[in-house]
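Engineer:
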Amino acid sequence: MSLNFRNVLVIAAMGLVALGAIASEVPDTPEHVVGDSAYPFNTVDPRVEEKEAIELPDSVVPKLELLTPGEIAFLESGEAGSFEDVVKELEERSPEDIKAWVGAMQYVYEHNRYREGRDSPNVPFNTASPEFNAWKTERPRSMDPPREDGPLPLGRYDGEGGPPTFGGYPLALTKKDLVAGEVDVAIIGAPLNMGSGWRDSGEKATVDLRLLGWPMGGMDQYVQIDASEVLTVVDYGDVAVDNDSTERSMQHVRDIVREIAETGAIPMVVGGDHSLEYPNVAALADVYGKEKVSVIHFDSHYDAWWGGSHLISHGYPVYRLINEGHVRAADYIQVGLRSSGPDKSGFEWMREQGMRYHTMAEIERRGWTAVLDRIVAEASEDGRKLHISFDIDVLDPAFTPATGTPVPGGLTMREAITIVRRLCAESTVVGFDLVELHPALDPTYKTTLNSAHIVKACLTGIAMNKEGITEEHYLSPLSSEHAIDDYYGDQQQYLDATKAEEEKAEAKKKDASN
Amino acid sequence: MTLATLLRRAKIALLLALLLPVAQSAYAEWSVPDELRTKVAALSDEQIQFITSGAILEIIPERQLLHELASRDADSLSKLVDDLVSVSEKMAYDPERDMGAAPLNLSSTRFNRGALPTPAALREIERADGPFSVHRYLYPKSGVPTFGGADVAIWPEDLVAGKVDVAIVGVPQNMSSGRRDAGAGPDAMRGLNTIATPDLQSLLKPLDVLSVVDYGNFYPDWLSVERSVKHVTEMVAETAATGAIPMLVGGDTSMLYPGVKGVAHAHGAVAFGLLHFSAHPDVERVGDHTLSDRQALFRLLDENVVNGSAVVQVGLRGPDVDVETLEWLRDKKVRYHTMAEMQKHGVDKVMQRILREVEKGPEAWFVSIDVSVIDPAELVAAGRSVANGLGIDAATRAIRYVCAAKDIVGFEITDLAPMLDYSRLSVSNANALLNACLVGIAVRKAGLAPDYIHPLALDHGQR
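Chains as they are written, first to last, in the numbering used here: chain P, 3 to 516; chain D, -17 to 445.
1. D/Pro77 touches chain P at which residues, Cβ-Cβ below 9 Å?
2. Pull up the distance between the alpha-carbon of D/Glu323 and that of D/Val332, whole angstroms please.
3. Would the beta-carbon of D/Ser89 fall within 7 Å of that of P/Thr248?
4. Can you look up D/Val116 in the DSSP assignment and give me helix, strand or coil?
5. Could you give the C-beta distance for P/Gly522 and P/Ala363, rounded to a whole number, given that I count them as a contact under 8 Å?
6. Enumerated in chain order, which unbroken segments of the beta strand (DSSP E) with a length of 3 residues or greater are wholly contained in the stretch 335 to 423 of chain D?
7. Note down, in chain order, all residues in the stretch 203 to 237 of chain D with a beta-carbon under 7 Å from any beta-carbon belonging to chain P.
8. Quick one: list the residues of chain D neighbouring P/Asn124, beta-carbon separation under 7 Å, in chain order.
9. Note down the Cα distance separating D/Lys145 from D/Ser193, rounded to an integer number of angstroms.
10. Kindly indicate which residue of P/Cys426, P/Tyr334, P/Ile189, P/Gly317 has the alpha-carbon position closest to the one of P/Ile324.
11. Tell me where the alpha helix (DSSP H) around D/Ile30 begins and ends.
12. Given this structure, state the Cα-to-Cα distance separating P/Tyr290 from P/Glu264, to the nearest angstrom.
13. If you draw a straight line from the C-alpha of P/Pro408 to the C-alpha of P/Pro399, how long is it?
14. When you check each C-beta in the stretch 401 to 423 of chain D against every C-beta of chain P, which residues fall closer than 7 Å?
15. Rounded C-beta distance between D/Leu189 and D/Gly96? I'm assuming under 8 Å.
16. Tell me whether P/Ala404 counts as near the ligand MG, meaning its Cβ is closer than 6 Å to at least one heavy atom of that ligand.
17. Consider the Cβ of P/Phe43: report whether some Cβ of chain D lies at a distance smaller than 7 Å.
18. Within 10 angstroms of the Cβ of D/Arg162, are there 16 or more other Cβ atoms? Answer buried if so, exposed if not.
19. Measure the alpha-carbon distance for D/Asp357 versus D/Met171 and round it to whole angstroms.
20. Might you give, ordered along the chain, the residues of its own chain that have their beta carbon closer than 8 Å to the beta carbon of P/Pro153, omitting 5 neighbours on each side?
21. Can you tell me whether D/Gln46 is helix, strand or coil according to DSSP?
22. Pick from D/Gln183, D/Ala178, D/Gly152: whose alpha carbon is nearest that of D/Asp169?
23. Is the stretch 484 to 499 of chain P close to the stretch 447 to 464 of chain P, with three or more CB pairs under 8 Å?
24. DSSP on P/Phe434, reduced to helix/strand/coil?
25. Is D/Glu106 helix, strand or coil by DSSP?
26. Check whether the Cβ of D/Asn448 lies closer than 7 Å to any Cβ atom in chain P.
27. Taking P/Pro126 as the reference, give the member of D/Thr272, D/Thr34, D/Thr235, D/Phe259 with the closest Cα.
28. Express the C-alpha separation of P/Asp288 and D/Arg299 in angstroms, rounding to a whole number.
29. Quick one: which unbroken alpha helix (DSSP H) runs of 4-plus residues sit fully inside the stretch 353 to 397 of chain P? Chain order, please.
30. Considering only residues of the same chain and omitting the five flanking positions on each side of D/Pro437, which have a CB-CB separation below 7 Å?
31. Would you give the residue range spanned by the beta strand (DSSP E) that P/Pro237 belongs to?
32. Express the C-alpha separation of P/Gly164 and P/Leu213 in angstroms, rounding to a whole number.
33. Looking at the C-beta of P/Gly309, does it have a partner C-beta in chain D at a distance below 7 Å?
34. To be precise: take each residue of the stretch 65 to 76 of chain D, compare its Cβ to all Cβ atoms of chain P, and keep it if any distance is under 8 Å. Which residues remain?
35. State the DSSP-derived secondary structure class of P/Asn467, mapped to helix, strand or coil.
36. Spatial neighbours of D/Gly87 within its chain, please: C-beta separation below 8 Å, excluding the five flanking residues on both sides.
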C-alpha cells in the first residue's frame, strides 16, 4: 500500500474520528502500554546490590582539600568504589588528580542513569503515520471467495503439491478455522529478528522451516506413533512482528498466541528470537490464569537478565514474565545453561526464588540419564500446565550452528529428542516454542532440519499423551527390542508387551467399528 | 440486524460523513462504469461514497474492485465494503489502543552505557596524543586488523595531533529492513586487508599521501535505531570538526542519517552535496517509525540537512521504486538515475551525466554507498540485495573520480551483511568501494587531475 501526502492528511483525520468511536473496544489487558505511558511494573533489578556507604579514613583527608562537599558525599556513598578501591585511588593521586577522578566518576554515574530533559524516557514512534498499524492489519476474509471454516489443504493431491507448509500440514488463518477443525496443535511462525548475536531469525527462519519442515510430519519409530494420525495439526501462518521494535511486537504476538490457546489448541511458535518467550507465556497466562503455567526453558543462557535501558530483548523474557506475575519463579525449570553468565548473584537469585536450574555442569557431574529423569519428574508434577521454550542454542553447535549466540558443550540431538518427546508425553503441555534459528549461518540444511525434528519430537509426545501413553520413558516394545533371543534376560517381557499392545489395538478397532 | 451491527453501521456512517469533505479533495474520484451502476446502487450512500471517492482504491487495485463489483451479490458486496472501511479505520494511531512509544527502563543503572566514551580521568593508560601503531613490526604482515592496516586513533586529540586527513570508523548498527548482519560489516572490512593499496591509475600509495587512521567504532543501540542517532551524530560532528574526513563503515543504512547530519553540524546544513549510490530510494514518507534505513534520505531531505537539488542518486531499482516515490524525488529536485536509465543509454553515458551533475554542483560532497547498488553477482552480501545492479568497475571508477574532483566532507558505506557470502568476495568489493574514494582523496591531495593516469601504468613503452 502506498500513500501520497494528501492521503496522509485524510487518513490522519480518519484516525482522529475513529478514536472516539472505538475506545470501547480496547481489550482489558493492563500490561498493554498505550500512548506514551511508562512501563507499569517495577523496573529495578533486585540482583543489583546497593552500594555500601564508606567512611573515609583520616589519613586521606588532606588529599580531599579541592573537593566540594557534594564530591566528598559521592565518595562516601560508595558509588565510586569499595572502601579499599577508593582509599587506594586517593593514596595514589594528587589532590588535583583526585578532583578530576571524582568528577569523571560522577559524570559516568550520572550518565548511566536516566535524566529527564536530557534523555528520552521512551522510543517514540511516528504516530502521525496513516499506516501506523498497517504491519499488523489483518486481511478481511471477505476479500477472498467464501469457504467453509476449518483447516485448508493447499495441494491438489490429497492435500499435497501446494506451497510448503510446516510439516505439510494444512493451513488455518482464523480462530474459526481452529474451532471448526477441532485443531490440537497450531504451528505459527514468528519472524522476530532482534537478537544480540547474529541476526537472521526473520522470515528466512520461518520460511526455511516450511521449505525444510517435512520432518515435522510422519512416524516416530521409537514409539511407533504417527502424530499426524492422532492429532489435527495446522500451519497457522506467521504472526506479524515489527522488526524495528521488539517491544511493539510483543502485544500482537501475545494477542495471536492467546487467540490460539483460547480455542484449546496448543500454540507452537517457531522461528524468531527468544524475546518471544515473553508474549507466548503471557498469552497462556491470559487463558489459564496468572501463576497457573509452568515453564521449562531449554537454553544455554538463562535469559533472566534485567536492568538495561530496554525492557525486553532476547536476554530478558524470563525476568519480565516473573516480574509481571505471569509465572512464579518457582514454576520455572532451566535446562542446559552453560553460557558465560549468570554469575553467582544470578544463581543465588534463582536458588532463593526456587527456580530449578539444571546446568551442563550438573549433567557433567551426574550423567545425562539421571538429570533427564529428574527434569521430567519435576515437569510432570501433578497439576502443572507446561510451556516448553526451546532455544536451539541449548543444543551443541555441532547440531545447530545456525543460531544467533551459539555456545559449545551442549545437548546432543539424541538427548534433546528424548527429553522433548518425554516432556510432551508425560506432562501437560499447553504451549511450545522453538526459537533462535538463523539460517544464514549454516550453508547446509542441518540446523533447520534438526529444528524441525525437535518440533516433531514434541508433536509425537503430544500424540502419545492424547493416546494415553504417559508412562515413564515409554518406548515401543517392538521397535526397541528384536526379542529373537534372550540376550538381556528379559525377552519374554518384550514379547508380552508387544502382544498386549496388539490386543489393545484390536479392541480399539472393534470399538471404533461398533 | 443485531444491535452490534446497527452500532457498527452508525459508526461507519459517522466516520464517512466526517471524512467525505476531505476525501473528495484527496482522492482521485472514481466513476462507476455504467454496467456496474445497478450493483453499486444497492449499497448505502456511505458505502457508495467510500467507493466513488476513490478511498477504496488505497486498499485494493481498480482491477480487483471491478471484479468484486461485477461478481458479488449485494450482501457479499456490502460486507466487503464494510470490512474495508473498518480496515481504514484501524490503520491510524489511537492513543487509547496503540503503543505510541516503547517505554524504557528508567531505573536502569546503565541507561546510556553504550554511548559513553571513557572520560579522560578514567583512562587507564597515559600516552601522548596522536595515532599509534598496533603492530610489533616495521613492515607488519598481520596482527590486530585495522582498516587498511592503518594506525589507530581513539580520541579527537589524536586526530588533531596526527593532522589526520581521513578517519575510518565503524558504526555497527544491525537493523536493516532486509537481511541483517551489517553489525558485522566494520570488522569484516577490517579483517580483509585490501584497503589503501596502491592506486593503479596514479600509482600513488594512499597512505604515503594521506594520514589515515582506524578510528574504532561509534556504538549504536542495537535494539533501537532512534536511540542511536544522538550519539552517532555527536561523534561524527566531533570527528569532522577536527578537519579529518569521517569515512563511516556501517552498519545498516539507517546510520546514513546521523552520518550526514553529523557532518552537517561541522560544515553547515545544505553546505554540501550528497552522492548516494543505492538500489533503494530510502525516502519512505509514512513510516510508523521515525527512522529506519527506508527513511534515512527522507529525513535528511525533510529536515533540510541536505538540499534536494544537491542530491544525486545512482542505481535505483527494487521494490521501493514506484511512481509516488519518483514523483516525490522529482519534486524535491533530486537527480535520480535508475537502472532503467542505465539500460536505455548505457552505463558509461549515464555515469558521464552523473559526474557532470556532481561537477556542476557544490564544491563539497558527501559520498554514500549502500552496497545494494552493486550487482549481486559481485556483491551478494547486501542486506537489501536486488538483481541487475551496477558493476563494481563502473561504481569504483565513478567514486574515485568524484572523490578526486571534489572536496569530500564525508563518506559512508552501508548494509554489508558479511554472513551472506561465504566466499568473502562481497567484503573484498566493499573494501574496493571504500578504497576508490580513499584513493580519489589522495589523488586530489597530491594535486593530480582526477583523470590523470601515470604513463607507466598506461603503456609498456616497448617499441
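In this text, a Cβ means the ideal position worked out from N, Cα and C, and glycines have one as well.
Structural biologist: The answer reads as follows:
1. Within chain P, the residues near D/Pro77 are Leu21, Val36, Gly37, Asp38, Thr129.
2. 7 Å
3. Going by C-beta atoms, D/Ser89 is not nearer than 7 Å to P/Thr248.
4. coil
5. Not covered by the structure: residue 522 of chain P. The range shown for chain P is 3 to 516.
6. If only complete runs of 3 or more residues are kept, the stretch 335 to 423 of chain D shows the beta strand (DSSP E) at 346 to 352, 389 to 396, in order along the chain.
7. Cβ contacts with chain P: Trp204, Leu205, Ser206, Val207, Glu208, Arg209.
8. Residues of chain D passing the Cβ test: Ala83, Ala84, Pro85, Leu86.
9. About 7 Å.
10. When only C-alpha atoms are compared, the closest one is P/Tyr334.
11. Residues 27 to 34.
12. 9 Å
13. 6 Å
14. Met401, Leu402, Tyr404
15. At roughly 31 Å, the Cβ-Cβ gap does not stay under 8 Å, so D/Leu189 and D/Gly96 are not in contact.
16. The ligand MG is not among the ligands present in this structure, which contains no ligands whatsoever.
17. no
18. The residue is buried, with at least 16 neighbouring Cβ atoms inside 10 Å.
19. 19 Å
20. Tyr171, Pro172, Leu173, Ala174, Asp179, Gly183, Val185, Thr234, Val236
21. helix
22. D/Gly152
23. no
24. strand
25. The answer is coil: DSSP assigns D/Glu106 none of H, G, I, E or B.
26. Since the first residue shown for chain D is -17 and the last is 445, residue 448 of chain D is missing from the structure and cannot be characterised.
27. D/Thr272
28. 46 Å
29. 362 to 368, 370 to 381
30. none
31. This sequence places Asp at residue 237 of chain P; Pro is not what is there. Its beta strand (DSSP E) spans residues 235 to 240.
32. 12 Å
33. Chain D, which has a Cβ nearer than 7 Å to the Cβ of P/Gly309, makes this yes.
34. Asp65, Leu66, Ser68, Val69, Ser70, Glu71, Lys72, Met73, Ala74, Tyr75, Asp76
35. helix
36. Per the sequence shown, the amino acid found at residue 87 of chain D is Asn instead of Gly. Hits under 8 Å: Phe93.
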